[in-house]
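K.L.:
First the structure, then my questions, so here it is.
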Amino acid sequence: MAGEQTLAGHRVLRYTLTERMVHWAAGFSYIYLLMTGLAFWTPWMFWMAVVLGGGSVSRMLHPWAGLIYTWSVWRMYVLWNQDMRITEGDRKWMQVVGAYARHEHDKLPPVDRFNAGQKYLFWLMFWGGFALLLSGVVLWFPEYIPGSLGFLRSLAIIVHPVAALLTIGGFIIHVYMGTAVVRGGFSSVIRGEVSENWARVHHPLWLARISGNAPAKK
Amino acid sequence: MAGNTLDLKRVSASTTPPPGVRTTPTVSKLIDTSTCIGCKACEVACQEWNDLPPETTVQLGTYQTMPDTSPNFWNLIRFNEHQTDTGFHWLMRKDQCMHCADPGCLEACPAPGAIVQYENGIVDFQQENCIGCGYCITGCPFDIPKFNTKTKKVYKCTLCTDRVAVGLEPACIKACPTSCLQFGTKDAMLGIAKKRVDQLKANGFDKAAIYDPEGVGGTGVVTILSFGDQPELYGLPRNPTIPLTVRLWKSPLKWLGNLAIVGGIVGTFVHYLKYGPKEVDGAGHSGKEGGA
Amino acid sequence: MTNGWTDIRNADVVLAMGGNPAENHPVGFRFVMEAKRNRNAKLVSVDPRFNRTSAVADSFTQIRTGTDIAFLGGTINYALQHNRIHEEYVRMFTNATFLVREDYSFNEAEGLFSGWNPEKKSYDKTSWNYELDAKGFAKTDPTMQHPRSVFQAMKKFYARYTPEAVANICGCSKEDFVKAAELITSTYPANKVGTILYALGWTHHSFSVQLIHAAAMLQLLLGNIGRAGGGLNALRGHANIQGGTDCGMAYHNLPGYIAIQKADHDSLKKYLETITPKPLQQNSMNFWSNTDRFVISQMKAYYGKAATAKNEFGYQWHPKLPQTPAGTYENWSWAFIFDHMQNGKMDGLISFGMNPVCNGPNTKKVISGLAKLKWLVVVECFEQETAAFWKPDILAEIGKKPQDVATEVFMLPAANFAEKDGAFVNSARWIQWKWKAADPPGEAKADQEIIARIFLKVRELYAKDGGKFPDPVMNLNWWYSNAASPSLTEVCKEINGWAVEDLKDEKDPKTIVLKAGQQLGKFLDTRADGSTLSGNWLYIGMYTEAGNLTQRRNNADPSGMGRYSEWTFNWPANRRVMYNRCSADAQGKPWDATRPGIAWNGEKWVGDVPDYKVDSPPEAGLGAFIMLPEGVARLFIPGQFVEGPFPEHYEPVESPVANPLHPKQSSNPLVRPFKTEWDKFGKAEEFPIACTTYRLTEHFHYWTKNNAYNMQLQPEFFVEIPEELAKEKGIANGDKVRVTSARASIEGKAMVTKRIKAMTVAGKTVYQIGFPIHWGFLGRGQQKGTLANLMTPPIVDPNSFAPEYKGFLVKLEKA
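Protein chains in written order, with this note's numbering: chain A, 1 to 218; chain B, 219 to 510; chain C, 511 to 1325.
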């Protein structure tokens, strides 16, 4: 199996088509959610809802986009939850995360398929998504929440933006890292491939594993 | 029910100051629950003036028309049987939008111009601007705004702003046969209410009081309660306030959040300026291969 | 109403009993609230249920349905025992000083007055009268100490109605009763006034007339009749029920409350002699001595030029009430009509603006009666149950199918009240013109056009075929410019009446008072010689030479007391408060200067239109009650009512207990049950629960079930059940329950409430329940068969013949 990911020309397959599709389902739905959500968040950004078809349309589609996002995050979980487990190495990596930010990779422990930053991002988006889903359902159907359960609405109205803000933080870093900083990262999630060299730099343990000549992943 | 823009005192989710320039005295309904006979004239007058379709109801073992107000039924008399040690009381209170001075619905509303407050204190929904999010439902401590699942908009009592604008009293007031409902400036209504409360006290209701809760800055409805110490008996919250979470969401969190978002974007930009990208196939400044 | 709606605001105490004005008269009830707000008046509510009126009352006492006379009798006793009466008023304005005959008595153990004939089950009323002097005037004792004075007789009679006895009968606590009695009688001082508001809760009993008699006695003792803020006020139900009654709706009256001609009144002279009362006191004005003027003017209105002195003004053309073989007169009141129908004595019925299937008691008997008719004409603005009585689900109530019924039914569509001009007379006796708001839809016609076209057709048939007795029809004065649809302005003019010839002053024949053709201005403009015409003497003044005063709308109130004397026309004679001579003392000075009625200014009476001779000085001592031969009000009523001169508590015919005062004579001895197969009665053993019926503010009779807005406010038939009883029967709020009487069974939603409480009556626990009318077989929503009157008993008051809708027995179970 490991050999299947090794492609011609020193390329390796980092993301399967399914993974890429799921990623972009999450990505696009998140961007829509972000834009419409920000429109509801502050009147200064309400123009985004206008651009996207108006406030009512945005209000109508936002929850459905949320469901797409929920579905795709769930799919990611099914695909990646093995790869996303936090290991001892990740904890060490996180202790020296500053070095990563400063590109001092030699100070970092070796990384498998995802580095700790990516993993924490994933779990942030996963649990954040979960909180957004729960609070979102309450916000979706406020008319069905009886007055006696009004606290649910009050709770949702705060949980939803707090969770959203946290994911926005993650999202900013993710987009910044994936596009501007980690060269090759963006194309990897478009075409699915990275160079062996890229893999060796960023995910040496993973490369070794898929090449079939590395110590088994523990 | 669009009123005159010169009267707009507050506009929901507005980035600019409201356009109101007029100074109009605050108006108010007076509801004297101690003289309400529960005749429901106000209920039907409200529907007829506003041309709202009739609702289909069922008898649930009470004189109350329906359990709660609805998108097409903005004015409901709540009935409650109250037995005390000294006697029995059948309490009736007309329930509708309280037209808070500090309206939680408007505070919570994210849609620009969907909820407005006029200089005379009337809080009004502008359905054409409503996006149907229902945040007003959450913002309201009286559980008044009602969501129409067909139109996806929210509705409530307008205090007949169209009538008031031309010098008429609201339809419910007009229909009230016992003058348990009256209408005028809030000061005038408070004056009448004070007199009536004194009379009630003299007649043995020593806890009689005016319900005009401070938590929402006072209301555009001055309610006289014989049992002023127990507003719950009338289906009124004791200390209504805009939910803390709405306040949090609206103000501190909003600025914190905006700061965080802007900070995040600026931060990443600065980071890029300082550290640039991680190049793999270039000069190898990203570190030793395989060393990671 | 002796007074008017707007006058209620002058009251210090308002007793709402036998009525629920907040529910049924919410608009007029505003004046009660004004009294409360502005005068801090006390509202006393006495009812089987804690109702909408009770909700804003200062005092509420729950009584068992049908025990109002016990409660009022107890209050009378309380007033007499504690000297809480307006003594000077009582002495001056009532027959308390009169002496009753020596042979009058009341047997307390038997519950019967003197003169009882056990075989005939009726009274010889001779002994119920005054002791007369040689001139035929009643003897009096101004000290009221004579043991046979009405005052002492009354005191003795009501001594039995102690607070304990009242509590035992009514099922209230003694303390509650005393508190209420204390409040009600608190208006006995001259400067205090109280009013009583009542409605069908009093008139729908088998002792209803005596009930109102009791209330009148109480008001007289407290000095509350004839005074601003006082009176005894019947709240009329339908918009024009007062007008209907004034204009001869009841079978035994002509318009203006003139007794109808009877078969043995073989001449006009004999008729007038029989119905004209003779004065019983020298100083009695006895205004009914003018009966001949009113009757003959009315005959002139009927027969016009054809009515002449020679032919007794057409007296022989007028229908007369036939005699029965037993020597009494036939009864054609409501319940009797349907009894006659059931017994096959009727061929047809024109049901004009009436829905007997819903309105009458004991619905099954009504349906069965209609099924025996040859023809039925229903004039209505909706298809209602009477017009549809032949439909399967209605006929199923009597076990019949449409094919079993031969009745031919016609339905004539009529304009409703808002689709036609005309006048309403309200409870305050205001005759108010109203203008139509919309045209009637489709082929619907105004009432007068329907009546006129039927009449013209009948007249045409008589003209063509002759017939047995064409005179009344052929001679009828059909003078209207548009014969097929008379203008109501013309009808209004005719009811008021005009001078047929030039009218001479009665004292000075040289002066012409009114020229021929001019409208009459006052009662005594009428003449008994055929020179005047007036459809209803009571309404004279409504359409004078000044025009149609029913259209007058001046809301100026110079009195400051809500008299509004130039708002429309108030019969009689634009008088706002009746018996208003009683508002002033012996010197003609108002009892309460802040609320004057009329006052003597040295020359004449001023203020309201005096119910008195305007220039008769107080020292002349003319009797204050000018319509009564005594000249004073009757506490003791000689001979007028069939069951006694004083009101005695009798149980409803169906009662959960035997009368605690005299168990052997439990109910009214004069009630006569009908005898058809449908006239069934239940006993307390099988039907232990007392039940009453009522109306809701959300609905109007059986009409508004056709209106979606009304239906949403009160969508379904329901039964109000005390919590204790519901618990006993395992009934929860909103459950479906079945109520069964001896006559029928209906189902509805349970409304379990604290507003009706279990009672202890005659030592046992008694429950009462109640349900509203308003539902039937047709209309919007789920309501088939939820008709309250399927349950009500076919028993009537022996004086007024009003059915006992308000008290009967049922059993209750979870459905």
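Where a beta carbon is used, it is the ideal one built from N, C-alpha and C, also for glycine.
Predicted, not measured: the structure shown is a model, and the values here were computed from it.
Do you know whose CA, among C:Trp988, C:Arg939 and C:Lys974, lies nearest C:Thr512's CA?
P.N.:
Nearest option by C-alpha distance: C:Arg939.
K.L.:
Taking Cβ positions only, does C:Ala1218 come closer than 8 Å to chain B?
P.N.:
Yes, contact with chain B.
K.L.:
Who does C:Gly858 pair with in a DSSP beta bridge?
P.N.:
C:Trp885, per the DSSP bridge assignment.
K.L.:
Rounding to the nearest angstrom, what Cα-Cα distance links B:Ala501 and A:Gly117 in this structure?
P.N.:
Low local confidence applies: a pLDDT of 40 at B:Ala501 is under 50, so the model's placement there is unreliable, with the coordinate-based value given in what follows. Those two C-alpha atoms are separated by around 25 Å.
K.L.:
Quick one: which chain B residues come within Cβ less than 7 Å of A:Trp74?
P.N.:
Those do not exist, as A:Trp74 stays about 25 Å from chain B at its closest Cβ, beyond 7 Å.
K.L.:
Enumerated in chain order, which unbroken segments of the beta strand (DSSP E) with a length of 3 residues or greater are wholly contained in the stretch 1178 to 1242 of chain C?
P.N.:
The qualifying runs are 1199 to 1204 and 1228 to 1232.
K.L.:
Could you give the uninterrupted runs of the alpha helix (DSSP H) lying entirely in the stretch 514 to 584 of chain C, keeping only those of 4 residues or more?
P.N.:
Segments of the alpha helix (DSSP H) lying fully in the stretch 514 to 584 of chain C: 531 to 534, 540 to 549 and 562 to 565.
K.L.:
Would a check of beta-carbon distances place B:Pro237 closer than 8 Å to chain C?
P.N.:
Closer than 8 Å: no.
K.L.:
For B:Phe343, would you say it is in contact with chain A, using Cβ-to-Cβ distances shorter than 8 Å as the test?
P.N.:
So, not an interface residue.
K.L.:
Can you give the Cα-Cα distance for C:Asp1245 and C:Glu959, rounded to whole angstroms?
P.N.:
Approximately 49 Å between the Cα atoms of the pair.
K.L.:
Taking only beta-carbon atoms, is B:Asp225 less than 8 Å away from chain C?
P.N.:
With 8 Å as the cut-off, B:Asp225 does not count as an interface residue toward chain C.
K.L.:
Can you tell me which of A:Pro63, A:Gly66, A:Tyr32 and A:Ala65 puts its alpha carbon nearest to the alpha carbon of A:Val50?
P.N.:
Taking only the C-alpha atoms, the option nearest A:Val50 is A:Tyr32.
K.L.:
If you run the structure through DSSP and keep just helix, strand and coil, what is C:Ile1279?
P.N.:
Looking at C:Ile1279 - three-state DSSP - the assignment turns out to be strand.
K.L.:
Please classify C:Trp1285: does DSSP put it in a helix, a strand, or coil?
P.N.:
The answer is coil: DSSP assigns C:Trp1285 none of H, G, I, E or B.
K.L.:
Less than 8 Å between the C-beta atoms of C:Trp1188 and C:Lys702, yes or no?
P.N.:
Contact: no.
K.L.:
State buried or exposed for B:Lys374, treating a residue as buried only when at least 16 other CB atoms are found within 10 Å of its CB.
P.N.:
By the neighbour-count rule (16 or more Cβ atoms within 10 Å), B:Lys374 is buried.
K.L.:
Thinking C:Ala476 and C:Phe539 are a contact (beta carbons under 8 Å), I'd like their distance in whole angstroms, please.
P.N.:
Past the edges of chain C, shown from 511 to 1325, lies residue 476 of chain C, and the structure says nothing about it.
K.L.:
DSSP state of C:Pro1313, grouped into three classes?
P.N.:
It is a strand residue.
K.L.:
Out of C:His775, C:Pro1128 and C:Glu895, state which residue places its alpha-carbon closest to the alpha-carbon of C:Gln833.
P.N.:
C:Gln833 has its Cα closest to that of C:His775, out of C:His775, C:Pro1128 and C:Glu895.
K.L.:
Under three-state DSSP, which class holds B:Ser246?
P.N.:
Looking at B:Ser246 - three-state DSSP - the assignment turns out to be strand.
K.L.:
So, is the C-beta of A:Ala116 closer than 8 Å to a C-beta in chain B?
P.N.:
Cβ-Cβ to chain B under 8 Å: no for A:Ala116.
K.L.:
Just to confirm the assignment, what range does the beta strand (DSSP E) spanning C:Ser707 have?
P.N.:
It should be pointed out that residue 707 of chain C corresponds to Leu in this sequence rather than to Ser. Run containing C:Leu707: Gly704 to Tyr708, per the beta strand (DSSP E) assignment.
K.L.:
Suppose you measure from the CA of C:Trp1008 to the CA of C:Asn1046; what does that come to, to the nearest Å?
P.N.:
Cα to Cα, C:Trp1008 sits roughly 11 Å from C:Asn1046.
K.L.:
From the DSSP output, in three-state form, read off C:Arg1091 for me.
P.N.:
Residue state, collapsed to three classes: helix.
K.L.:
Using the beta-carbon count (16 or more within 10 Å), is A:Arg191 buried or exposed?
P.N.:
With fewer than 16 other Cβ atoms within 10 Å, it is exposed.
K.L.:
Do you know whose CA, among C:Met795, C:Lys882, C:Gln662 and C:Leu764, lies nearest C:Tyr1089's CA?
P.N.:
Here the closest residue by C-alpha is C:Met795.
K.L.:
Relative to the C-alpha of A:Gln95, which candidate in A:His103, A:Leu108 and A:Asp83 has its C-alpha closest?
P.N.:
That would be A:Leu108, whose Cα lies nearest to the Cα of A:Gln95.
K.L.:
So, helix, strand or coil for C:Ala1252, using DSSP?
P.N.:
C:Ala1252 falls in the coil class under three-state DSSP.
K.L.:
Taking C-beta pairs closer than 7 Å, name the residues in chain C that B:Ser397 reaches, listed in chain order.
P.N.:
The answer, in chain order, is Arg540 and Met543.
K.L.:
Would you kindly report the start and end of the unbroken beta strand (DSSP E) that includes B:Leu454?
P.N.:
Unbroken run through B:Leu454: none, as it is neither H nor E.
K.L.:
So A:Ser211 contacts chain B; which residues on that side make the cut at Cβ distance below 9 Å?
P.N.:
Correct list: empty, because the minimum Cβ distance to chain B is about 12 Å.
K.L.:
On the DSSP letters alone, give me the boundaries of the alpha helix (DSSP H) that C:Tyr813 sits inside.
P.N.:
Where C:Tyr813 is concerned, the enclosing alpha helix (DSSP H) stretches over Thr801 to Tyr813.
K.L.:
For B:Leu324 and B:Ser230, which I take to be in contact (beta-carbon distance under 8 Å), what is that distance rounded to the nearest angstrom?
P.N.:
Going by Cβ atoms, the distance from B:Leu324 to B:Ser230 rounds to 5 Å, so yes, they are a contact pair.
K.L.:
Take C:Asn639 as the anchor and find which of C:Asp651, C:Thr653, C:Val660 and C:Pro628 has the nearest alpha-carbon.
P.N.:
Closest by alpha carbon: C:Val660.
K.L.:
Measuring CB atoms only, is the stretch 293 to 302 of chain B touching the stretch 260 to 278 of chain B, in the sense that at least three cross pairs come out at less than 8 Å?
P.N.:
Contact holds: three or more Cβ-Cβ distances are below 8 Å.
K.L.:
Rounded to a whole number of angstroms, what is the C-alpha to C-alpha distance between C:Gln572 and C:Val1163?
P.N.:
Near 21 Å, if we compare the C-alpha coordinates of C:Val1163 and C:Gln572.
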